[in-house]
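First residue of the sequence shown: 132, per the numbering used here; consecutive thereafter.
The beta-carbon is built from N, C-alpha and C at its ideal position, and this holds for glycine as well.
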Amino acid sequence: MLDGAVREIINPPLDACGRRVAAWGVTANTVTVVGCVIGLAAAFAIWQNAYWVGLFLLLVSRFCDGLDGAIAKATESTDFGGYLDIVLDFVFYGSIPLGFVLADPQANAVAGAVLILSFYVNGSTFLAYAIMAERYDMHSTVRGEKSLYFTTGLAEATETIAMFVIVCIFPSAFVVIAYIYAAICFYTALSRIVLAGRVFSRR
């Protein structure tokens, strides 16, 4: 929901940084992989109850996630780059809740499992919609130039990162926040299914 507004703010400095990094010969795919590795390190830090370290690392990871697109824009976007970006995004988004589950399985396991399930369901509706949109040659720039057709929703990257930041600052609130955010993700998935029914049933 907030990605569009946030993008308007962060894209100009990211694009400038992307051009500079691209001039050094660093590729977008390299930054994508480095960002994912740092994200996994954030999950490991959370597992070890080093929540502030985890918070710092996950923010660095998401900076890399924005930077790779800026580098691709400054050089050359490829289909594989878009594919790699979305796959490793899913790796990151699943690893952070897993870190909280491993940090305190007795307290966090069920809520973490529900949250990861909601990510899985929400992600599947997003990707399935993108596949059908490609089949019908549909295009959208609602979130800028993307490798996949991008449908908006209540739960997007900005909201998810904000939720991760909150639970890193207040780890004891993970269970409550995980259930609330899972409900938001399920709602987003349901709304996307309804949208797909309206759009694709006419085709």
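By a beta-carbon distance limit of 8 Å, I315 contacts A286. Their separation comes to about 5 Å. With distances taken between CA atoms, D210 lies nearest to A159 out of A159, N253, P236. Residue environment for V218: exposed (fewer than 16 other C-beta atoms within 10 angstroms of its C-beta).
Contact annotation: A153 and I202 have beta-carbon atoms nearer than 8 Å.
Taking the C-beta atoms as reference points, L145 is found no nearer than 8 Å to I169.
Per DSSP, the unbroken alpha helix (DSSP H) holding D196 starts and ends at 182 to 205.
In the same chain as V165, and ignoring 5 residues on each side of it, the C-beta atoms closer than 7 Å to its own belong to C195, in chain order. Where P302 is concerned, there is no enclosing alpha helix (DSSP H), because DSSP gives it neither an H nor an E. DSSP, read as helix, strand or coil, puts D146 in helix.
Here G156 carries a coil assignment [DSSP, helix/strand/coil].
DSSP, read as helix, strand or coil, puts R151 in helix. Nearest neighbour of L258 by Cα position, chosen from W155, R333, A327, F223, turns out to be A327.
Just so you know, the alpha carbons of P228 and V252 end up roughly 15 Å apart.
Counting along the chain, M263 sits inside the alpha helix (DSSP H) bounded by residues 236 to 266. Check the Cα spacing between L321 and each of F250, R333, I308, I300: the tightest is with F250. The three-state reading of DSSP puts M294 in helix, counting H, G and I together. Taking the CA atoms as reference points, V162 sits about 14 Å from F223. Here the alpha carbons of R329 and V241 stand approximately 34 Å from one another.
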